[in-house]
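K.L.:
Note that UniProt numbering numbers the sequence shown so that position 84 is 84, with each residue one more than the last. Where is the CB? At the ideal position from N, CA and C, for every residue including glycine.
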Amino acid sequence: MSNTQHRDYTVRPATPADVEGARRVMLDTFYREFGYGYVPQWHRDVMDIEGTYLDDPRHLLLVAVRDGEVVATTGVRSAGPAHPPHPLWLAEQYPSGSTAQLVRVYVSPEHRRRGLAGTLVDAACDFVAGTPGYERIYLHTNTNVDGSEAFWRSLAKEIFDARTTGEHGPGVATVHFEIPMPPGGPR
1 MSNTQHRDYT VRPATPADVE GARRVMLDTF YREFGYGYVP QWHRDVMDIE GTYLDDPRHL
61 LLVAVRDGEV VATTGVRSAG PAHPPHPLWL AEQYPSGSTA QLVRVYVSPE HRRRGLAGTL
121 VDAACDFVAG TPGYERIYLH TNTNVDGSEA FWRSLAKEIF DARTTGEHGP GVATVHFEIP
181 MPPGGPR
């Protein structure tokens, strides 16, 4: 996968040199946007970015870099939603291995509304389409983050609105989505 220019940003697969910057974007999002901070059972990948994303050929971490600083991230993992906390039927519909889960689609607040998230998601979906074994693209989002619900509804189909179930506890407004496989994908 090659680098892509988006305005004043370079979008590319993360390298070991990007790990600390990517981790900073992720942790800032957990603490500032989500308000609950780092949760080990949900965020293990953030402490092991290299092992999770860089060392597995079916996984990917994309970064957007401006002036040498990582300002946005998007990850792909070959894992469906975990049960629990997610419903069993959802985990069965999106099994690990054949499901590409988009994760960590985060843009630092001062770099939002410039099309970075869309560019990162497009590149991630292209990676999924070109990676053997993937059949579906799944994600879930916390709709409490400003703009997240509208963004995902513009790209994806809602699968399950878990806001009324409290699957992640109070204050976490989760909605699950599927993105259609890009042309050239297995569908």
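Among 118, 144, 103, which residue has its Cα nearest to the Cα of residue 7?
P.N.:
If you number the sequence shown from 1, residue 7 lands on position 7. Minimum Cα distance to residue 7 is reached at 118.
K.L.:
If you pair each beta-carbon of the region 57-69 with each one of the region 29-44, do three or more pairs fall below 8 Å?
P.N.:
Short answer: they don't touch.
K.L.:
Using DSSP's beta-bridge definition, name the partner residues of residue 62.
P.N.:
Your numbering for residue 62 matches position 62 in the sequence shown. For residue 62, which the question treats as bridged, DSSP gives the partners 13, 74.
K.L.:
Under three-state DSSP, which class holds residue 143?
P.N.:
For the purposes of this step, residue 143 is taken as the residue at position 143 of the sequence shown. Coil.
K.L.:
Using C-beta distances below 8 Å, list every residue in its chain close to residue 160, excluding the 5 sequence neighbours before and after it, in chain order.
P.N.:
Counted from its first residue, the sequence shown places residue 160 at position 160. Taken in chain order, the residues that qualify are 87, 90, 175, 176.
K.L.:
What first and last residue would you give for the alpha helix (DSSP H) that runs through residue 43?
P.N.:
Translated into the one-based positions of the sequence shown, residue 43 becomes position 43. From DSSP, the alpha helix (DSSP H) with residue 43 extends over 40-47.
K.L.:
To which residues does DSSP link residue 102 through a beta bridge?
P.N.:
If you number the sequence shown from 1, residue 102 lands on position 102. According to DSSP, which records beta bridges pairwise, residue 102 is partnered with 76.
K.L.:
What number of angstroms, rounded off, separates the C-alpha of residue 156 from the C-alpha of residue 46?
P.N.:
Numbered from 1 along the sequence shown, position 156 holds the residue referred to as residue 156. Numbered from 1 along the sequence shown, position 46 holds the residue referred to as residue 46. Taking the straight line from one Cα to the other gives about 25 Å.
K.L.:
Tell me where the alpha helix (DSSP H) around residue 122 begins and ends.
P.N.:
For the purposes of this step, residue 122 is taken as residue 122 along the sequence shown, with counting starting at 1. Element bounds for residue 122: 116-129.
K.L.:
Residue 25 lies in the alpha helix (DSSP H); which residues open and close that run?
P.N.:
Taking the sequence shown and counting its residues from 1, one reaches residue 25 at position 25. Unbroken alpha helix (DSSP H) run through residue 25: 19-28.
K.L.:
For residue 113 and residue 182, what's the separation of their Cα atoms in angstroms?
P.N.:
Locating residue 113 in the sequence shown gives position 113, where the first residue counts as 1. Locating residue 182 in the sequence shown gives position 182, where the first residue counts as 1. When rounded, the distance between both Cα atoms is 24 Å.
K.L.:
Can you list, in chain order, the residues of its chain whose CB lies under 6 Å from that of residue 30, leaving out five sequence neighbours each side?
P.N.:
Counted from its first residue, the sequence shown places residue 30 at position 30. Around residue 30: 37, 38.
K.L.:
Output the boundary residues of the beta strand (DSSP E) element that contains residue 160.
P.N.:
To locate residue 160, count along the sequence shown from 1; it is residue 160. Looking at the DSSP string, the run of the beta strand (DSSP E) that includes residue 160 is 157-161.
K.L.:
Using 10 angstroms around the beta-carbon of residue 44, count the other beta-carbons present and answer buried if the total reaches 16, otherwise exposed.
P.N.:
For this step, residue 44 is matched to residue 44 along the sequence shown. The residue in question, residue 44, is exposed, as its Cβ has fewer than 16 Cβ neighbours within 10 Å.
K.L.:
Can you say whether residue 26 is buried or exposed, counting buried as having 16 or more other CB atoms within 10 angstroms of its CB?
P.N.:
Counting from 1 along the sequence shown, the entry for residue 26 is found at position 26. Residue 26 comes out buried.
K.L.:
Among the residues of its own chain, which have a CB less than 8 Å from the CB of residue 16, if the five just before and after it don't count?
P.N.:
Locating residue 16 in the sequence shown gives position 16, counting from the first residue. For residue 16, where only same-chain residues beyond five positions count, the Cβ hits under 8 Å are 50, 54.
K.L.:
Along the alpha helix (DSSP H) that carries residue 92, what are the first and last residues, could you check?
P.N.:
As a position in the sequence shown, residue 92 is number 92, starting the count at 1. Unbroken alpha helix (DSSP H) run through residue 92: 88-93.
K.L.:
Residue 99 to residue 140, Cα distance in whole Å?
P.N.:
Indexing the sequence shown from 1 puts residue 99 at position 99. Indexing the sequence shown from 1 puts residue 140 at position 140. Their backbone Cα atoms lie some 13 Å apart in a straight line.
K.L.:
According to DSSP, is residue 165 part of a helix, a strand, or is it coil?
P.N.:
Locating residue 165 in the sequence shown gives position 165, counting from the first residue. Residue state, collapsed to three classes: coil.
K.L.:
Could you check whether the Cβ of residue 133 sits closer than 7 Å to any heavy atom belonging to the ligand MN?
P.N.:
Absence of the ligand MN from the depicted structure is noted, as is the absence of any ligand whatsoever, leaving it without description.
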